[in-house]
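>
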Amino acid sequence: MKNIKILPIVLALFFSGCLCSCNDWLETGSNDEVLEDDAFSSAKGFRSALIGIYRLVASENLYGQELTWGLLSSISWNYQPGYAIPKYRGALQHDDYTDNNTKTVVSSVWGAAYNAIANCNNLLKQIESSNANFEYTWEKDMIMAEARGLRALLHFEMLRLFAPAPITGYKGTTIPYVTDYPNLLPQHKSMDEVLTSIIEDLEYAKQTLRPIDVDELRNKSVWIVNGNRMDNIEYVLFQGVLNLKSDGTREGYGNGFFAFRGYRFNYWGATALLARVYSYMRDNTKAEQYADTILNDWVGSDKFHLYSQNPKAASNPNAIDGKRIPEPLIAFWNDKVCDNYTSAISKIYNRIVNLQYLFDGDLSDDYRYTNLYNSSNYRYRVWDGQDASYSTNNSIVNYSNPLIPVLELPEIYLIKAECLAARGEIAGAVALLKEIRDARGCTNSISASDYDSFMEKLVNEANRDFIARGQTWHFLKKLNWPKLYNGTPANKTVPDGWYVLPMPDSETAYY
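Read left to right, the sequence shown gives residues 32 to 542 (my numbering).
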């Protein structure tokens, strides 16, 4: 282990008071900062520390670019190599990660992730011994659960990026799982050790956040406005409706820290991430258990559901929600993400590969092709952002443009479907794929006769749903899938070593 440097923690000051929109308290461009010595002297300081971590997580080196539309979508072969952003081209042109540009990007991801993890650990260290007066009896637990959930998420991302997948049988050394602050010489752990720690953190987050997110922040009261239930998941998580007042009446729009839980690590995200982790481990029994919690308890009217609106791009592209609220189960907020994307692609880059073979049979009705694919500039309508002066749906501009989806409902359908297929319930597995396809506007039926033929269908749906979202590479790696869709009918054979990024040459990470 080489020398480790620790960044001084600088925390963004939390904006207090009555806030009308998520942007007021998660705005990334604020210059207001508070140093560590003062940050942990009050409940407000702990709120500031947590929001500071979310800003790190939503930055360009992590989910604001590299882990979504940037590096991960590039090495998924979502983009034409000749029109990829230059820093990603070397990997696509040489089928490896040895060029200097790729190494620089990979190192930045590693460093940013462990910097955010260090901030989580320092927050946890400080809050555990704090006697600060929190507004609600459960607020301290909520902050601790979010910090541990984020710590698990980031370690899981590093594990997926920098170690072979469990399906390969690899049991050796992987990454450090860091829980102390500071930790100058963290030890790299085995696959099983890291996964055990991830699950421990996620179980803590799930169990702690359920009574807070479900009972306190959603279910305390059910109130109706113009015939609409205000405990609707979309309103509560993504539009700032907040059933929370100190007198217990709990009706109104969000006041700051306790609103907009859809952009923070919440109970549903912890549950869904456990399904993803167990699926990655190839433990179908556990994966299905957590997938069932989402699908059976939290999908339906006024809850999460597959995005089924199908506005026609020709009539108004600004009516298309490429982020597909309310599908996100884990999402973050960066009010600059669309601007950063537009600047990075510079009207030249990120042309999508030929999608006609991928959508064969559904070219006329699958809106993932007919509307999300922009044939005029060969790009995909996820990160462009909608124009408020033309949009017919301001909720897209206000709530979807800044949203960064990290784990979404369709993946839970795919996990459940694979579990069914693995035990021979092919008809049930196909039926779950049909639910996704129906929501996407597909009218042609699909069928499968056995597990192998079903998995071909499932991977096709995953490839369609994850375009430019950063999940294709991870999903295929989990299965050790031998082909990448690259715009050709034959697909691309996965190069040797493609599913494992190289550790940074110098581990100057921030533990």
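Cβ coordinates follow ideal geometry from the N, Cα and C atoms, glycine included.
Out of curiosity, what's the CA-to-CA distance linking N153 and E159?
Counted from its first residue, the sequence shown places residue 153 at position 122. Counted from its first residue, the sequence shown places residue 159 at position 128. Each residue's Cα considered, the two are about 10 Å apart.
> For the alpha helix (DSSP H) that V461 lies in, which residues bound it at each end?
Taking the first residue of the sequence shown as position 1, residue 461 is located at position 430. Start and end: 457-470.
> Flag this pair as touching only if the region 80-90 and the region 176-191 have three or more C-beta atom pairs under 8 Å; answer yes or no.
Touching, yes, given that three or more Cβ pairs across the two stretches are closer than 8 Å.
> What does a CB cutoff of less than 7 Å around V137 pick up in its chain, not counting 5 residues either side in sequence?
Position 106 of the sequence shown, counted from the start, is the residue given in the question as residue 137. Once the five neighbours on either side are set aside, the close Cβ partners of V137 are Y128, L532, P533, P535.
> Could you compute how far the alpha carbon of N62 sits from the alpha carbon of P520?
Residue mapping note: residue 62 aligns to position 31 of the sequence shown, counting from 1. Residue mapping note: residue 520 aligns to position 489 of the sequence shown, counting from 1. Summary for N62: the model assigns pLDDT 36, below 50, so the residue's position carries little reliability; its value from the coordinates is reported in the next sentence. Rounded to whole angstroms, N62 to P520 spans 50 Å at the Cα level.
> From this set, N315, P357, I106, M312, which residue's C-alpha is nearest V330's C-alpha?
Position 299 of the sequence shown, counted from the start, is the residue given in the question as residue 330. Comparing Cα positions, the closest option is P357.
> Whole beta strand (DSSP E) runs in the region 303-367 with 3 or more residues, listed along the chain?
If we require 3 residues or more, the beta strand (DSSP E) runs fully inside the region 303-367 come out as 359-364.
> Once DSSP output is grouped into helix, strand and coil, what is the label at N259?
On the sequence shown, position 228 is the one that residue 259 refers to. Of the three classes helix, strand and coil, the one that applies to N259 here is strand, per DSSP.
> Kindly indicate which three-state DSSP category I383 falls into: helix, strand or coil?
The residue given as residue 383 occupies position 352 in the sequence shown. Note: I383 maps to strand in three-state DSSP.
> Assuming L438 is part of the beta strand (DSSP E), what are its boundary residues?
Taking the sequence shown and counting its residues from 1, one reaches residue 438 at position 407. L438 -> beta strand (DSSP E) spans 434-439.
> So the beta strand (DSSP E) T133 belongs to, where does it begin and stop?
Numbered from 1 along the sequence shown, position 102 holds the residue referred to as residue 133. Taken as a continuous stretch (DSSP letters only), T133 belongs to no beta strand (DSSP E), being part of the alpha helix (DSSP H) at 131-159.
> Please determine, among G392, D393, Q387, the residue with the shortest C-alpha to C-alpha distance to S406.
Taking the first residue of the sequence shown as 1, we reach residue 406 at position 375. Considering only alpha carbons, the answer is Q387.
> Per DSSP, which residues does Y411 bridge with? Please list them.
Position 380 of the sequence shown, counted from the start, is the residue given in the question as residue 411. Note: Y411 sits in a beta bridge opposite Y404.
> Tell me which residues share the same chain as G121 and place their Cβ nearer than 6 Å to its Cβ, disregarding the 5 neighbours each side in the sequence.
By one-based count along the sequence shown, residue 121 stands at place 90. Closer than 6 Å at Cβ, skipping near neighbours: D130, N132, T133.
> How many Å lie between D232 and A452 at the Cα?
Position 201 of the sequence shown, counting from 1, holds the residue named residue 232. Position 421 of the sequence shown, counting from 1, holds the residue named residue 452. Rounded to the nearest angstrom, the two C-alpha atoms are 30 Å apart.
> Tell me whether the beta-carbon of A163 lies closer than 8 Å to the beta-carbon of F77.
On the sequence shown, position 132 is the one that residue 163 refers to. On the sequence shown, position 46 is the one that residue 77 refers to. Yes, the Cβ-Cβ distance between A163 and F77 is below 8 Å.
> Among the candidates I379, K354, M486, A362, whose CA atom is the shortest distance from the CA of I498?
Start at 1 with the first residue of the sequence shown, and residue 498 comes out as number 467. When each option's Cα is compared against that of I498, the closest is K354.
> Here's a check: name, in chain order, each residue in its chain whose Cβ is nearer than 7 Å to the Cβ of Q157, leaving out the five neighbours to either side.
Position 126 of the sequence shown, counted from the start, is the residue given in the question as residue 157. Same-chain partners within the cutoff: F71.
> Could you check whether the region 86-105 touches the region 361-374, counting it as contact only if at least three pairs of C-beta atoms, one from each stretch, sit closer than 8 Å?
Yes: the two stretches touch, three or more of their Cβ pairs being nearer than 8 Å.
> Leaving out five residues before and five after A318 in sequence, what residues of the same chain have Cβ atoms less than 7 Å from its Cβ?
Here residue 318 refers to the residue found at position 287 when the sequence shown is read from its first residue. Same-chain partners within the cutoff: A306, Y309, S310, I446, C450.
> Flag this pair as yes or no: are the beta carbons of A74 and E166 separated by less than 8 Å?
As a working mapping, residue 74 is identified with position 43 in the sequence shown. As a working mapping, residue 166 is identified with position 135 in the sequence shown. Going by C-beta atoms, A74 is nearer than 8 Å to E166.
> Alpha carbon to alpha carbon, how far is E442 from A493?
One-based indexing of the sequence shown puts residue 442 at position 411. One-based indexing of the sequence shown puts residue 493 at position 462. Their backbone Cα atoms lie some 8 Å apart in a straight line.
> Using alpha carbons as the reference points, say which of R182, T168, L463, P197 lies closest to F506.
As a first step, residue 506 is located in the sequence shown; it is residue number 475 there, counting from the start. Nearest of R182, T168, L463, P197 to F506, Cα basis: P197.
> For L155 and G459, what's the separation of their Cα atoms in angstroms?
Position 124 of the sequence shown, counted from the start, is the residue given in the question as residue 155. Position 428 of the sequence shown, counted from the start, is the residue given in the question as residue 459. Their Cα atoms are separated by approximately 43 Å.
> Roughly how many whole angstroms lie between the Cα atoms of L544 and A144?
Outside the displayed span of the chain (32 to 542) sits residue 544, for which this structure offers no information.
> What residues in its chain sit with their C-beta under 7 Å from that of W504, if we drop five residues either side in the sequence?
Locating residue 504 in the sequence shown gives position 473, where the first residue counts as 1. Around W504: L103, I106, S107.
> From the DSSP output, which residues share a beta bridge with T524?
Translated into the one-based positions of the sequence shown, residue 524 becomes position 493. T524 is bridged to K514.
> Quick check: what's the CA-CA separation for S480 versus K488?
Locating residue 480 in the sequence shown gives position 449, counting from the first residue. Locating residue 488 in the sequence shown gives position 457, counting from the first residue. Each residue's alpha carbon lies about 11 Å from the other.
> Under the three-state reduction of DSSP, which class applies to K202: helix, strand or coil?
In the sequence shown, residue 202 corresponds to position 171, counting from 1. Here K202 sits in coil by DSSP.
> The alpha helix (DSSP H) spanning K220 covers which residue range?
Translated into the one-based positions of the sequence shown, residue 220 becomes position 189. Looking at the DSSP string, K220 is not in any alpha helix (DSSP H); the run it does join, the beta strand (DSSP E), is 219-221.
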